[in-house]
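Residues in the sequence shown are numbered consecutively from 1, following UniProt numbering.
Beta carbons are placed, not taken as given, at the ideal position from N, Cα and C, and that holds for glycine.
I have placed the structure first, in the form of structure tokens, so that the comments after it can refer back to it.
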Amino acid sequence: MTDTPARTEAAAYRDEVERHLADLLEEIREDLTAGLRAHLADVAADLRPGETLEHRLGGPAGFAAAVLGYSPALESFQQDHATAPTPKPVYTA
């Protein structure tokens, strides 16, 4: 299978998202990134000429933060800590 620009961009974007998730427990990180490769490949394949994944999805740091908000693995933690004070931002641009 030959690397295309879209495939290369998707791999680089995925690596950057995973770098932002590197401090998570392995089990949680694997759950969050399980479908990431396929999702990014699908999005990259649908990009218009001149459009990038960052245009479509935002930066990798923001995407990683969004992924954290929708993790089934974190659901029980989020419920247990629903009344906790608002945390400081984890990711910065």
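Test item: CB-CB of residue i and residue j under 8 angstroms
i	j	result
Arg14	Leu47	no
Leu53	Ala64	no
Given residue i as reference, the closest of the options once Cα atoms are compared
i	options	result
Val17	Arg7, Glu51 and Leu32	Leu32
Gly59	Ala6, His20 and Arg7	His20
Gly35	Pro49, Ala10 and Arg56	Ala10
Leu68	Arg29, Thr4, Ala38 and Asp42	Arg29
residue 104	Ala38, Ala61 and His55	Because the chain is modelled from 1 through 93, residue 104 falls outside the range shown and cannot be assessed.
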